[in-house]
Amino acid sequence: MSKLPCPPEHWPRFSRLLDEALQRPEHERDAWIATLPEEDAALVPWLAPVLHTLPAASQASFLAGPQLRRTGHEAARSAGQHIGPYELLRELGQGGMGEVWLARRIDGAYQREVALKLPHAHLLAGSVRDRFARERDILARLSHEHIARFYDAGLAADGQPYLAIEAIDGEPLTNWADARQLGITARLALFAQVTAAVQHAHAKLVAHRDLKPSNVLVTPQGQVKLLDFGIARLLHGEADDATQLTRAGAHPATPGYAAPEQLAGGPITVATDVYALGVMLFELLCGSTPRSGSLLAQSWQATAPPELPLASRHASEQHARAMGLTLPALRRALQGDLDAITDKALQPAPEARYASVADLAADLARHTHNEPISARRITRWKLAAKWMRRHRLGVGFSAALGVVLLGGGAAVAWQAQRAQAQAQRAEAVKDFLLGVFQASDPRIASDTPRGQITAKALLDQSVGQIEARFANDPELQIELLRTAAHIYRELGEDEAFERLQARQLALVTQHHGPLHPHVLEAQLESAVRAQARGDHAACLRLLNAADRALTEAGRNDSALRAAWWTQRSVCLRDRQDAAKEREAALQTALRLFERHAPASRGHVTALMELANEQTHTDRTHEAIATNRQVIALAERSREPNHAELVTLHGNNGLMLQQLGDLAGAEAALAQAAAL
Numbered sequence: 038m039s040k041l042p043c044p045p046e047h048w049p050r051f052s053r054l055l056d057e058a059l060q061r062p063e064h065e066r067d068a069w070i071a072t073l074p075e076e077d078a079a080l081v082p083w084l085a086p087v088l089h090t091l092p093a094a095s096q097a098s099f100l101a102g103p104q105l106r107r108t109g110h111e112a113a114r115s116a117g118q119h120i121g122p123y124e125l126l127r128e129l130g131q132g133g134m135g136e137v138w139l140a141r142r143i144d145g146a147y148q149r150e151v152a153l154k155l156p157h158a159h160l161l162a163g164s165v166r167d168r169f170a171r172e173r174d175i176l177a178r179l180s181h182e183h184i185a186r187f188y189d190a191g192l193a194a195d196g197q198p199y200l201a202i203e204a205i206d207g208e209p210l211t212n213w214a215d216a217r218q219l220g221i222t223a224r225l226a227l228f229a230q231v232t233a234a235v236q237h238a239h240a241k242l243v244a245h246r247d248l249k250p251s252n253v254l255v256t257p258q259g260q261v262k263l264l265d266f267g268i269a270r271l272l273h274g275e276a277d278d279a280t281q282l283t284r285a286g287a288h289p290a291t292p293g294y295a296a297p298e299q300l301a302g303g304p305i306t307v308a309t310d311v312y313a314l315g316v317m318l319f320e321l322l323c324g325s326t327p328r329s330g331s332l333l334a335q336s337w338q339a340t341a342p343p344e345l346p347l348a349s350r351h352a353s354e355q356h357a358r359a360m361g362l363t364l365p366a367l368r369r370a371l372q373g374d375l376d377a378i379t380d381k382a383l384q385p386a387p388e389a390r391y392a393s394v395a396d397l398a399a400d401l402a403r404h405t406h407n408e409p410i411s412a413r414r415i416t417r418w419k420l421a422a423k424w425m426r427r428h429r430l431g432v433g434f435s436a437a438l439g440v441v442l443l444g445g446g447a448a449v450a451w452q453a454q455r456a457q458a459q460a461q462r463a464e465a466v467k468d469f470l471l472g473v474f475q476a477s478d479p480r481i482a483s484d485t486p487r488g489q490i491t492a493k494a495l496l497d498q499s500v501g502q503i504e505a506r507f508a509n510d511p512e513l514q515i516e517l518l519r520t521a522a523h524i525y526r527e528l529g530e531d532e533a534f535e536r537l538q539a540r541q542l543a544l545v546t547q548h549h550g551p552l553h554p555h556v557l558e559a560q561l562e563s564a565v566r567a568q569a570r571g572d573h574a575a576c577l578r579l580l581n582a583a584d585r586a587l588t589e590a591g592r593n594d595s596a597l598r599a600a601w602w603t604q605r606s607v608c609l610r611d612r613q614d615a616a617k618e619r620e621a622a623l624q625t626a627l628r629l630f631e632r633h634a635p636a637s638r639g640h641v642t643a644l645m646e647l648a649n650e651q652t653h654t655d656r657t658h659e660a661i662a663t664n665r666q667v668i669a670l671a672e673r674s675r676e677p678n679h680a681e682l683v684t685l686h687g688n689n690g691l692m693l694q695q696l697g698d699l700a701g702a703e704a705a706l707a708q709a710a711a712l
C-alpha cells in the first residue's frame with residue numbers, strides 16, 4: 038500500500054471506485070483495474086492494496102460463513118469417525134483454516150455434545166498452529182454464562198489437533214432479533230448480555246478482536262453466547278509480533294467491524310473491542326453497519342479515519358418495518374441518547390471512545406432507565422423530561438428526596454412552612470425558571486444564532502441576578518440558589534453547582550443553623566455523587582456523617598431518614614455479602630416513608646429498589662409482587678407518571694414470561710400498551 042494516505046480531495050472518486058470493485062468477483066478485479074481510464078488509474082496505488090487486503094481480512098475467522106467449500110488438501114471426514122475421545126456426528130461448517138463438527142465424547146469421561154474445531158492438516162505450522170494454541174489458552178481463562186464454554190483440547194492418534202467447546206444451537210445476534218421483530222428495548226436487553234461477556238473477557242485481560250453478529254449466537258431461549266476467540270489476544274504480556282495476526286497490514290478481524298487502529302496495525306486495547314461493539318449496536322438498531330465500502334476505504338487511511346453517520350440518520354424503512362415501527366418513529370427513538378452512545382463508541386480515536394465496555398453498558402442502562410447518560414451533556418429541556426420519567430436511583434437522587442424543579446415550585450416534604458408563604462415562594466421560583474429561558478439579555482437574545490443559545494448561558498445570566506433581585510427575602514434566595522444549583526449539576530457543570538450550593542448552604546446556615554433540612558439534604562446528595570463516581574467508600578463515609586447529623590437534629594423518624602436508608606442500600610450494591618443488609622435498609626426506609634411521605638417520589642423509588650434487589654437475588658415471585666405494589670403506589674400519586682407506569686407494567690410482563698405465565702405476561706404487556 039502507498040505509504041501516504043489517499044488525499045481527501047480524491048475520496049469521492051476513490052469511494053466510487055471501491056464500491057464498484059467490491060461488486061465484482063475477486064478474480065475479475067485486477068483485470069478491471071487494468072481497464073481504468075487515466076484519471077482513475079492515478080488512484081490505483083491506494084485502491085489495489087485495499088482490494089488485495091480485504092479477502093485476507095474477511096477470512097480471519099476460523100469459519101468465514103455457514104456454508105463453506107472444502108480446501109481439497111485432505112481427505113473428507115465423515116460422521117462416525119473418531120478424533121481422540123470424540124465421535125463425529127455431523128459437520129457444522131468448513132472454512133479456509135479448518136472445519137467444525139458436532140461431536141460427542143465416547144470414552145465415558147462425560148456425556149455431552151460438543152463443537153469440535155479441527156484445523157486443516159496442511160496449515161499446522163507457523164501462524165495457524167500458534168493461533169490454535171492461543172485460542173486454547175485464552176478459552177481456558179474464561180468462564181462466563183454468555184461465553185461458549187471450553188471443555189477440552191488435545192491431539193488425536195493421527196496428530197490432528199482438536200478443540201472441544203460448547204455446542205450452541207442458536208442464530209446470529211442480528212438475525213435472531215430481526216426474526217422476532219424485537220423493539221429497541223428488547224434489543225438493548227439482548228446487547229447487555231453481549232457487553233457482559235466482553236467485560237468478563239477484558240477482566241481476564243483478553244481482547245476478542247473479532248466481535249460481530251456471526252460470532253454472537255442467541256439460543257431459542259434468548260441466551261447470548263460469544264464465540265470464536267481465534268484471533269483474540271492478551272491485553273498484557275504478549276509480544277506484538279507474536280504471530281502474523283498482530284503485524285501491521287495483516288488486518289485481522291472483519292473489516293466492517295474493526296476499529297481504525299486495528300486496520301492500521303496499531304496497538305490493540307480495550308477500546309478496540311468497544312469500537313466493534315459500537316458497530317454491532319449500530320447494526321442492531323439500524324439494520325446495517327455504519328461503514329459502506331467507501332467509508333471502509335477511508336478507514337484504511339489511518340491518518341484521517343472518517344466520521345460515521347448518526348444511527349438515527351442511517352436507519353432504513355425496511356428495518357423500521359422489521360421492528361414494527363414506522364421510519365419516523367424509529368428515527369425519533371434513536372435520536373438523542375442512542376445517537377450519542379453509538380457515536381461515542383465509534384469515535385475514530387481510541388481515547389475518545391468509552392474507557393471501558395462497562396462504561397458503554399452503563400450508559401445504555403441509564404438510557405433504558407431514563408437517566409442522564411455520560412456521552413453528552415443534556416440540554417435543560419431534555420433534562421426536565423428525563424426527571425419526569427426517571428424511576429431508579431442515580432445521579433438525580435435529589436428528585437427522590439422531594440425536589441420539584443418545574444411548574445409546581447421548589448418545596449420539600451419536611452418543610453413546615455405556612456401554606457400561603459409556600460405558594461408565594463413556589464410562584465416566584467416558577468417565574469424565575471420561566472425567565473431563565475426568555476434570554477432577557479439583549480446580547481444573548483440578538484447576537485447568538487438561533488439554536489446556539491445554551492441552557493448554561495441562560496442560567497448564568499439569571500443566576501447573577503438572584504441575590505440583587507431578592508435581597509430582602511433570604512428564604513427565596515436560598516430556594517432559587519438551590520434550584521439553580523441542581524440544574525447546573527444535571528447539566529454537568531460541576532464547578533458552578535459546587536459554587537452555588539456552597540453559597541446556598543452558607544445562607545441556610547446563617548439563617549437557620551447547621552441542622553436545617555437543606556444542609557442535611559446536601560450531605561445526602563454528596564453521598565449520591567460519590568456513589569455515581571463509583572467511590573463507594575466515600576459514599577459510606579458521607580452517609581456516616583449524615584447519620585450523625587440526622588441524629589443530632591432529631592430527625593431519625595422522618596422522610597429524610599427514609600431517604601438516608603434508601604441511599605445506604607444503594608451504596609452497598611457492589612458488596613456481594615451485603616444482600617441482607619441492603620434489604621433491611623430498604624424495609625426501614627419503606628416503613629418511614631409510609632409514616633411520613635406515603636406515595637411520595639422517595640417512597641416509590643425505595644419500593645423499586647426493593648423489587649430490583651429481589652430480582653437480583655433470583656426471587657422473581659417476590660419481585661413481581663413488589664412491582665405490583667410499586668404500580669399501585671405510582672397510580673395513587675397526584676400526577677401519575679405514565680411513562681414510568683409503562684415501564685413498570687412491561688417489567689412485570691417480562692418477569693411473568695420468565696416464570697412461564699404467558700397469560701399473565703400478555704395481560705401485563707397489554708396494560709403497558711394501553712398506557
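The working numbering puts the first residue of the sequence shown at 38, with every later residue one more than the last.
Idealized CB from N, CA, C, for every residue including glycine.
In the DSSP assignment, D189 falls within the unbroken beta strand (DSSP E) covering 187-192.
For E75, the uninterrupted alpha helix (DSSP H) segment begins and ends at 75-78. Distance between L557 and K617, taken at the CA atoms: about 27 Å.
For the pair A643 and R632, the Cα-to-Cα distance works out to about 14 Å.
Contact between the segment 206-222 and the segment 139-149 is not established, with fewer than three Cβ pairs separated by less than 8 Å.
Apart from the 5 residues on each side of it in sequence, L691 sits with its Cβ closer than 8 Å to the Cβ of A702 in its chain, given in chain order. No Cβ-Cβ contact shorter than 9 Å links W602 with A569.
R656 has its alpha-carbon roughly 14 Å from the corresponding atom of M645. For E128, the beta-bridge partners assigned by DSSP are W138.
Around the CB of H237, 16 or more other CB atoms lie within 10 Å, so the residue is classed as buried. In terms of Cα proximity to K381, the closest of H406, A313, S606 is A313. In this structure, the CA atom of A193 is about 27 Å from the CA atom of K262. For H404, the closest alpha carbon among the candidates N581, L528, T222 is that of T222. Proximity of the segment 564-581 to the segment 604-611 meets the contact definition, three or more beta-carbon pairs being nearer than 8 Å. A contact between stretches requires three or more CB pairs, one per stretch, nearer than 8 Å, and the segment 202-217 meets this requirement with the segment 247-258. In chain order, V545 place their CB closer than 6 Å to the CB of H555, counting only its own chain and leaving out the 5 sequence neighbours on each side. I524 carries a helical assignment under DSSP once its states are collapsed to helix, strand and coil.
When only Cα atoms are considered, A116 and Y123 end up about 11 Å apart.
When DSSP states are grouped into helix, strand and coil, P198 belongs to the strand group.
R246 is positioned such that its CB atom lies closer than 9 Å to that of I305. In terms of Cα proximity to A386, the closest of P297, C323, G501 is P297. For V235, the closest of L537, H640, V394, D594 by C-alpha to C-alpha distance is V394. Beyond the five residues adjoining it in sequence on each side, E504 comes within less than 7 Å, by CB distance, of Q514 in the same chain, given in chain order. By the CB criterion at 9 Å, E589 and L552 fall inside the cutoff.
Its Cα nearest to that of A567, the residue C608 stands out among G591, L597, C608, Q547. Beta-bridge annotation (DSSP): K154 is paired with V137, L200. Secondary-structure assignment with DSSP links H633 through no beta bridge to anything. Cα atoms of R506 and L322: separation of roughly 50 Å, rounded to the nearest angstrom. Inter-residue distance for A621 and S563 is about 23 Å (C-alpha atoms, whole angstroms).
Per DSSP, the unbroken beta strand (DSSP E) holding L254 starts and ends at 253-255. In the three-state reduction of the DSSP assignment, I184 falls in the strand class. Contact between L561 and Q541 fails: their C-beta atoms lie close to 15 Å from each other, not under 8 Å. G303 and D174 have their C-alpha atoms spaced approximately 23 Å apart. Pairing E532 with K493, the inter-Cα distance amounts to about 12 Å. Within the same chain, L347, A348, S349 come within 8 Å of D376 by CB-CB distance, once the 5 residues on both sides are set aside. With fewer than 16 other CB atoms across the displayed protein chains lying within 10 angstroms of its CB, N509 is exposed.
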